[in-house]
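Structure first, then comments.
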Amino acid sequence: MPASDVSASSSQPDSKIAPAIYYRSTEPQRAGVLDRCLAMGLAIGCIAILCVAAYLPPSPTGTGTHAQLRGLQTCQFLQRTGLPCPSCGMTTSFSWFVRGNWLASLYIQPMGWALAVLTTVAAWTGLYVAITAKPAHRLLRLVPTRYYLIPLLGLAIAAWGWKMFLILKGIDGWH
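By the count of the working numbering, the sequence shown reaches residue 178 at its end, each step adding exactly one.
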């Protein structure tokens, strides 16, 4: 048996060599130009959302902040039924969030606060990937989807219930 065959067979059990797909790369992954551009686009989009929220003064009623933007009406669901839609108060919550009043943001619309936090994290992550070319997707693989998706859905439902409670009791808004 040639010497090269002996060394290959001694390093692998049963003289079988696994396909290359099962080997981990020792080189760190780098994001390509397209990935970096997409990450920068994500960061710019998230920053734009936060800038619009900073531009709009929060409504003291807890809803209707978005109506300050040209062409947007007040919530028709709220006007017709007297109950808030699932997104009622989101813009107001974002507006309080960017002003640093996180308690008001959480009170007005808990899901709006959570989305504002996620928007801020996405902006920073997008900038990180765009500047360093280090992909951040590996961090998401560390936490299974059921640990963050199910709680977010539960928070969305609970936040809608909270918003209904505030509006029906007449205690909506932050002064």
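The beta carbon of each residue, even a glycine, is placed where N, CA and C say it ideally should be.
- The residues A42, M43, L45, A46, C49, in chain order, have a CB closer than 7 Å to that of G129 in the same chain once the five nearest residues on each side in sequence are set aside.
- Its Cα nearest to that of P87, the residue K172 stands out among L121, L143, K172.
- L121 and G115 have their C-alpha atoms spaced approximately 10 Å apart.
- Secondary structure at L59: coil, using DSSP grouped into helix, strand and coil.
- Annotation for G157: the continuous alpha helix (DSSP H) segment containing it runs 152–172.
- When DSSP states are grouped into helix, strand and coil, A125 belongs to the helix group.
- Short of 7 Å from the beta carbon of H178, and not among the five residues preceding or following it, lie these beta carbons of its own chain, in chain order: P63.
- Here L145 is exposed. Its C-beta has fewer than 16 other C-beta atoms within 10 Å.
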